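Just so it is clear: in the sequence shown, position 304 is 294 by my numbering, and no numbers are missing.
C-beta atoms are modelled at their ideal positions from N, C-alpha and C, and glycine is treated no differently.
Quantities reported herein were computed from a predicted structural model and do not represent experimental measurements.
Here the structure comes first, spelled out in structure tokens, and everything after it is commentary.
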Amino acid sequence: MSNDWRTVLRQRICGDCLFDEPLAPLTTWKVGGAAQCLVRPRHEEDLKVLSAVIQDAGVPWWVLGGGSNVLISDQGLPGVVVQLSHLSQIETQPEQRLSVGGGCSLAELVRTTVEQGLGGIEALAGIPGSVGGAVSGNAGAAGQQIGQRVVDARVWTPLEHHDVTTWSAEQCDFGYRHSALIPDHVVINVTLQLDHCSVEALRARSREVLAHRRQAHNVGGPNAGSVFLNPPGQQAWRLIGDCGMRGVQVGKAQVSSQHANFIVNTGGATAEEIYQLIHKVQHAVARHHGVSLQPEVRLLGSFGEVDEE
């Protein structure tokens, strides 16, 4: 592949354009290799430049939000990794609506809504990651899902001719930890419809949720939260625990003894070790329960052959 595209990005991108940039510090698992090129666009014009490079030069592309729901290969990622951290504005609109940049952290959005007396997503307090990632994966907790509050979303699709379009909530087709936005559509802005509520009531609710989350998710090391989706009518952590997988390790990656749906980097784990442990858990649950666990985390890049049991 020609390196001319690197020159184009270096000269035409207004935001950050970093080469051979380590990605492990940008993820909650603290593992993974480097990005061939990490770009943080500042506006939609930067996205147009990226679209042209991706389409014309056939450059691989990846999106990294808050790094909380991904496992990045130890070999790193070729091509362009896009992070929307500069697109993070929160703008108040009439009638309890907010316009939010996809790169805004979900935690910051929840704090803002609570202090403005806007209810509807306070139960998402403490969930890591970006708003764009939360919308794409329809993040939820305690009966609230962010997709329930979406009016519309500005979506960047670098492989299509019209690379930035507006999607209605109906087009997003939200479901359990899922939407039609996965995998090739990137939320760069979203409009949310919230409710007028008491600030004190929202503060109390968010404190309650945070306290519960900190207790339940205090697993003692870097992790990516829940690794597997809950199968219909079942709980992944219970299925994993019933197989005797709590505390099982591959290298420095360990199934948490406290929350069996978490895999912890106990110190110096590799992405490959985590990957192998994910498959070890899937194999155990399939063998004991006949249930196929599906990962909630996204796997980015190349991984090795799965070790046979």
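Which class does residue i belong to by DSSP, given the choice of helix, strand or coil?
i: Gly231; result: helix
i: Thr147; result: coil
i: Gln1; result: helix
i: Gly165; result: strand
i: Gln224; result: coil
i: Arg197; result: helix
i: Ala129; result: coil
i: Leu99; result: helix
i: Leu37; result: helix
i: Leu74; result: coil
i: Glu85; result: coil
i: Asp297; result: coil
i: Ile117; result: coil
i: Asp(-6); result: helix
i: Gln205; result: helix
i: Arg277; result: helix
i: Leu192; result: helix
i: Gly93; result: coil
i: Asp174; result: coil
i: Ala259; result: coil
i: Gly69; result: strand
i: Val49; result: coil
i: Asp6; result: strand
i: Gln239; result: strand
i: Gly107; result: coil
i: Leu182; result: strand
i: Gln272; result: helix
Tell me, please, which residues DSSP counts as bridged to residue i.
i: Thr17; result: Thr17 is not bridged to any residue.
i: Pro12; result: Ala24
i: Ser381; result: Because the chain spans -9 through 299 in this model, residue 381 falls outside it and cannot be assessed.
i: Cys187; result: Note: Cys187 sits in no beta bridge, so no partner.
i: Lys157; result: In the sequence under discussion, the amino acid at residue 157 is Trp, which differs from the Lys named in the question. DSSP lists Ala143 as partners of Trp157.
i: Ile62; result: Leu290
i: Leu219; result: Paired residue(s): none; Leu219 is not in a bridge.
i: Gln135; result: Gly130
i: Arg30; result: Asp6
Within this structure, are the beta carbons of residue i and residue j separated by less than 8 Å?
i: Gln79; j: Gly91; result: yes
i: Leu8; j: Leu40; result: no
i: Ala143; j: Cys162; result: yes
i: Leu114; j: Leu88; result: no
i: Ser120; j: Leu171; result: no
i: Ser196; j: Glu112; result: yes
i: Gly137; j: Val176; result: no
i: Arg277; j: Leu219; result: no
i: Val217; j: Ile253; result: yes
i: Ala25; j: Leu37; result: no
i: Asn255; j: Lys270; result: no
i: Ala250; j: Trp227; result: yes
i: Asp185; j: Gly133; result: no
i: Thr303; j: Thr147; result: Absent from the model: residue 303. The displayed extent of the chain is -9 to 299, so no value can be given.
i: Leu283; j: Pro221; result: yes
i: Gln248; j: Asn208; result: yes
i: Leu229; j: Val275; result: yes
i: Ser58; j: Pro15; result: no
When burial is assigned at 16 or more other CB atoms within 10 Å of the CB, is residue i buried or exposed?
i: Gln272; result: buried
i: Arg139; result: buried
i: Ser158; result: exposed
i: Arg30; result: buried
i: Glu263; result: buried
i: Glu35; result: exposed
i: Ala129; result: buried
Is the beta carbon of residue i within less than 7 Å of some heavy atom of the ligand GDP?
i: Ala97; result: In terms of ligand content, the structure shown is empty, and the ligand GDP therefore cannot be addressed.
Any Cβ of chain D within less than 8 Å of the Cβ of residue i?
i: Gly22; result: Going by chain labels, chain D is absent from the structure shown, which holds only one protein chain.
Is there contact here, the region 56 to 76 with the region 282 to 291, by at least three beta-carbon pairs under 8 Å? yes
Under 8 Å: do the region 100 to 108 and the region 188 to 198 share three or more Cβ pairs, one atom per stretch? yes
Do the region 68 to 76 and the region 43 to 51 make contact, defined as three or more Cβ pairs closer than 8 Å? yes
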